[in-house]
Structures are given as C-alpha cells and as structure tokens.
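Participant: Going by this note's numbering, the first residue of the sequence shown is number 902, and it counts up by one from there.
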Amino acid sequence: MIKHHVLHSPSKLMFTVYTKIFPQVNKELSYWQTRAAAIPDDELRTQALASITSKRFHCQGGSVFALLAEEKWESAVRFVVAYQTISDYLDNLCDRSTSMDSAGFRMLHTSMRDALTLTDYSTNYYSLIQYKDDNGYLQELVQTCREVIASLDNLAVFQDNLLWLEGLYEDLQVHKHVVPNEREIRLKRWSDIKNDYSLQWYEFSAATGSTLGIYSLVCYALAGRINDEMTGAITNGYFPYIQGLHILLDYYIDQHEDVTEKDLNFCSYYANQRIMLDRFEYFVNQALKQTTVLPDASFHKMVVKGLIGLYLGDEKVKELENGSMVKKRMLKASGGASLFFYLNTKLYYMYKKIRNSGLYQNR
902 MIKHHVLHSP
912 SKLMFTVYTK
922 IFPQVNKELS
932 YWQTRAAAIP
942 DDELRTQALA
952 SITSKRFHCQ
962 GGSVFALLAE
972 EKWESAVRFV
982 VAYQTISDYL
992 DNLCDRSTSM
1002 DSAGFRMLHT
1012 SMRDALTLTD
1022 YSTNYYSLIQ
1032 YKDDNGYLQE
1042 LVQTCREVIA
1052 SLDNLAVFQD
1062 NLLWLEGLYE
1072 DLQVHKHVVP
1082 NEREIRLKRW
1092 SDIKNDYSLQ
1102 WYEFSAATGS
1112 TLGIYSLVCY
1122 ALAGRINDEM
1132 TGAITNGYFP
1142 YIQGLHILLD
1152 YYIDQHEDVT
1162 EKDLNFCSYY
1172 ANQRIMLDRF
1182 EYFVNQALKQ
1192 TTVLPDASFH
1202 KMVVKGLIGL
1212 YLGDEKVKEL
1222 ENGSMVKKRM
1232 LKASGGASLF
1242 FYLNTKLYYM
1252 YKKIRNSGLY
1262 QNR
C-alpha cells in the first residue's frame, strides 16, 4: 500500500514513483509492446509500436496519479497505461492518416468512451478507415480499462464527469485531424459553443487534450474516496487550467517536430513569445490556485509543479528560440518544487543517456 504521507513530500513522492510506479509502468508497457508487435497490419503495427516507444513518458506521468489509489495502486497503473496507450496510439494513427475523414476519427475514438463504460460496445473501431486487422489490440486495451472500471462500487457518482471530459477530448481529436484548411475553422466554431472560460479558442482546445482529470477521478475512486463534492472539485480543478497548462507545455516542446510533420500546434497561434509566456504564467497561477480547493492539495500542487519541471527539463527546450529565458521565467513563477522536479528530470535524462551509451555494461 502507498502511504498517504507520500502525497505531501516531493522527495518521498519521487522515490516512490521511481521504485514502485515506474517499474510497474514498464511491466505493463512491455506487455502492450509485445501485443503491438504482433499486429498483422503494417501501418497499425508501426503506429502502435511508435506510440509506445516515443510517448512512454505520457504513461509514466499519468501513472503518478496511482499514488492516490492507495492499496489499489497497481490497478490504477494498469488503467492509466492502457487508457494512455489508446490515446497515444490513436493520436499517432490520426496524425499519419491519409484520409483525414472525421467520421473515421470519430469511430476510432469511441474506443475511449467505451473504455469508461460498462454498457455494450462495438469492437469495429476501424470500420471507416483503410486499416483493419490489429489482432484484437485496441479491443484488448479497451477491455483492460473496463475491467478496472467494473471493479468500482462508486462509478455512478462520477461517470458523467468522466464522460464529459472524454467527450471534449474526443471532439478535439476529430477536429484537429481533419484536412488542414478545415481544422482552425472547426476548432473555432467548437470553442464558440463549448468555451465558457476566459480562454482563446486554441487555449480551450489545449485544455481538452489532457487526460489528467480522468486519471485523478478514477484513482480516487479506486481508493474508495470519491463523492459528489469531490467529483465536482476535481473536474473543475483540473479543467481547464491544470489540463491546459499540461498540453500547452507539451505543444511548446514539440514546436520544431510539429513544423516538420506539418501537425497542428496550439502555441503557434500566440502573436509573439511575450504574449505566449504571459499566458503560460497565467495558466500556472490559475492552476496553482485551483489546487488549494482540492483534496490532498499538496499532491495536486506537486502535479502542477511536476509538469513544469518535467517539460522544461526536456532536451528539446534547448532547440527552441528563447528556450532558456522561458525556462527561467516559468521556474521562477511556479516556485521551488518546480526546480526540484526540473533537476530530477535532467538527472533522469542524464542517467538514460549514460545507460544507453553502454558505459554500465561489463567489458
């Protein structure tokens, strides 16, 4: 069982993450990597394997929420890894799709809704795209999530909020992957209908692209701690500001990559870097403010500061224009724990680089 005091100390949190959570994440991902390698269709196999290889840190980051699940932390990791793997796999598949058909993208993403429900569901997620045979890979990912969801006695308390967050995520994935000249039009129109916040359309869109609120709700439910009041607090606490900060940082470090791949990047819509950085700081301040009304406020504050440290510690920041200045201002704006997580991230990447270089191998 994960001790509750772990949620209140950055050093104890990271020790538990490295010694318990990450090894379990690696175990789960190893299984899904083996399953992905057995996919018969070349394109589906390529994208499934690529999503696990290049986006492993998404599963690692999301699985930090397993700390909230207490003695059910292994079930929490199982859910987060499966759900995040669906998300990353479908994102890769839609990014590289040649059809850019919204109906096909919608059908694929019904899998993410099915993963959160116990009702009958369709397994024909590929019916509207050209690729078909995944040897049951996506269906098994969905079923794995449903098995964890089925173990919850309190699903009815928070399922509407789960599906609301998923619905926004699903809409985003459909709109942002259609033909390039329709993306901005569709996203602006969607924001006009759904955006009740003081956010630009691209900031609102970014906030819908995170699954952190879903993970927080499920992990609290696994611990048996969820109720109506907590459900509302967590949903409103994570959306839009914590989730928005999460995805804006993700897009920030991927700017060069997205230009190369001709993928949509929400950071490109800021008029200039000064405005972008001012808005980043606004998101940081609002996100930290939201944590004060959440249960285990210190944990959620560490999530916010951990996001900043994690993303700004990425090697890709060095390649960005004014990356050093952005890093300094963001770390200063968010406070000391962000620096702790930033340094931790840098050490982690350094360790990986040394390990991959073969210096630790016996000669």
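Note that the Cβ used here is the ideal one computed from N, Cα and C, for glycine as well.
Closest by CA to Q1060, which one among Y1116, T1192 and R1180?
Facilitator: The residue with the shortest Cα to Cα distance from Q1060 is Y1116.
Participant: Write down every uninterrupted run of the alpha helix (DSSP H) in the segment 1048-1127 whose length is 4 residues or greater and which is fully enclosed by it, in chain order.
Facilitator: 1056-1078, 1081-1095, 1102-1109 and 1113-1123, all fully within the segment 1048-1127.
Participant: Tell me which residue opens and which closes the alpha helix (DSSP H) that I1209 is part of.
Facilitator: A1198 to L1213 is the extent of the alpha helix (DSSP H) around I1209.
Participant: So what does DSSP say about K1163, is it helix, strand or coil?
Facilitator: Of the three classes helix, strand and coil, the one that applies to K1163 here is coil, per DSSP.
Participant: Going by Cα to Cα distance, which pick from T1011, L1073, D1093 and E1048 is closest to V1119?
Facilitator: Ranking the options by Cα distance to V1119, first place goes to E1048.
Participant: What is the residue span of the alpha helix (DSSP H) that R1175 lies within?
Facilitator: From DSSP, the alpha helix (DSSP H) with R1175 extends over Q1174 to T1192.
Participant: Between the alpha carbons of D1151 and H1157, how many angstroms are there, rounded?
Facilitator: Cα to Cα, the separation comes out at about 12 Å.
Participant: Leaving aside the five residues before and after W1102 along the sequence, list all residues of the same chain whose C-beta is less than 7 Å from its C-beta, in chain order.
Facilitator: Excluding positions up to five away in sequence, the list reads L1088, K1089, S1092 and N1096.
Participant: May I ask you to report which of helix, strand or coil DSSP gives E929?
Facilitator: E929 falls in the helix class under three-state DSSP.
Participant: Compute the distance between the beta-carbons of I1050 and M1013, then report whether it is under 8 Å.
Facilitator: No, these two residues do not count as a Cβ contact at 8 Å.
Participant: Spell out a yes or no on whether the segment 989-1008 and the segment 1025-1036 are touching, meaning 3 or more CB-CB pairs, one atom from each, closer than 8 Å.
Facilitator: The answer is yes - the segment 1025-1036 touches the segment 989-1008, with three or more Cβ pairs under 8 Å.
Participant: Return the first residue and the last residue of the alpha helix (DSSP H) that Q948 is part of.
Facilitator: That run of the alpha helix (DSSP H) goes D943 to S955.
Participant: So, with DSSP's three-state summary, where would you put Y1032?
Facilitator: In this structure, Y1032 counts as coil in the three-state DSSP scheme.
Participant: Can you give me the Cβ contacts of Y1139 inside the same chain, cut-off strictly under 7 Å, excluding the 5 residues immediately before and after it?
Facilitator: So the qualifying residues of the chain are L1113, G1114 and S1117.
Participant: Whole angstroms are fine: how far does the CA of F966 sit from the CA of S976?
Facilitator: The alpha-carbon atoms of S976 and F966 are separated by roughly 11 Å.
Participant: I'd like to check one pair, S1028 with L1073: are the Cβ atoms closer than 8 Å?
Facilitator: No, they are not a contact pair.
Participant: Taking buried to mean at least 16 other C-beta atoms within 10 Å of its own C-beta, is E1067 buried or exposed?
Facilitator: The residue in question, E1067, is buried, as its Cβ has 16 or more Cβ neighbours within 10 Å.
Participant: Please confirm if N1166 has its CB atom under 8 Å from at least one CB of chain B.
Facilitator: Of the protein chains in this structure there is only one, and it is not chain B.
Participant: Can you tell me whether I1094 is buried or exposed, with buried defined as 16 or more other CB within 10 angstroms of its CB?
Facilitator: Exposed, since its Cβ has fewer than 16 Cβ neighbours within 10 Å.
Participant: Please classify Y1170: does DSSP put it in a helix, a strand, or coil?
Facilitator: Here Y1170 sits in helix by DSSP.
Participant: When the Cα atoms are used, what is the spatial distance from C1046 to D1021?
Facilitator: Their backbone Cα atoms lie some 14 Å apart in a straight line.
Participant: With distance defined between alpha-carbon atoms, name the residue in D1159, M1001 and Y1121 nearest to V1058.
Facilitator: Of the listed residues, the one whose Cα sits closest to V1058 is Y1121.
Participant: Hey, out of E1222, M1251 and Y1212, whose CA is closest to Y1243's CA?
Facilitator: Ranking E1222, M1251 and Y1212 by Cα distance to Y1243 puts Y1212 first.
Participant: In the DSSP assignment, find the unbroken alpha helix (DSSP H) run with N1137 in it and report its ends.
Facilitator: That run of the alpha helix (DSSP H) goes D1129 to G1138.
Participant: Could you spell out where the alpha helix (DSSP H) holding K913 opens and where it closes?
Facilitator: Where K913 is concerned, the enclosing alpha helix (DSSP H) stretches over P911 to T917.
Participant: What residue range is occupied by the uninterrupted alpha helix (DSSP H) comprising S1003?
Facilitator: First-last of the alpha helix (DSSP H) with S1003: S1003 to D1015.
Participant: Taking the CB atoms as reference points, tell me whether L1063 and L1009 lie closer together than 8 Å.
Facilitator: No, these two residues do not count as a Cβ contact at 8 Å.
Participant: In terms of residue numbering, what span does the alpha helix (DSSP H) encompassing N993 cover?
Facilitator: Here the alpha helix (DSSP H) through N993 covers W974 to D996.
Participant: Please report how far the alpha carbon of I953 lies from the alpha carbon of R1256, in whole angstroms.
Facilitator: Answer to the nearest angstrom: the Cα atoms are 20 Å apart.
Participant: Cα separation between E1222 and L1123?
Facilitator: For E1222 and L1123, the distance between alpha carbons rounds to 43 Å.
Participant: Rounded to whole angstroms, what is the Cα-Cα separation between S1225 and V1218?
Facilitator: If I take the Cα positions, the gap works out to 8 Å.
Participant: Residue range of the alpha helix (DSSP H) that I1148 falls in?
Facilitator: Segment Q1144 to I1154, the alpha helix (DSSP H) holding I1148.
Participant: Could you tell me the distance, in whole angstroms, from the CA atom of G1125 to the CA atom of E1162?
Facilitator: The straight-line gap from Cα to Cα measures roughly 43 Å.
Participant: According to DSSP, is L1221 helix, strand or coil?
Facilitator: Here L1221 sits in coil by DSSP.
Participant: Between D1197 and G1145, what straight-line distance do the alpha-carbon atoms span, to the nearest angstrom?
Facilitator: Their backbone Cα atoms lie some 21 Å apart in a straight line.
Participant: Are L1189 and V1227 touching if we call contact CB-CB under 8 Å?
Facilitator: Cβ atoms of L1189 and V1227: not closer than 8 Å.
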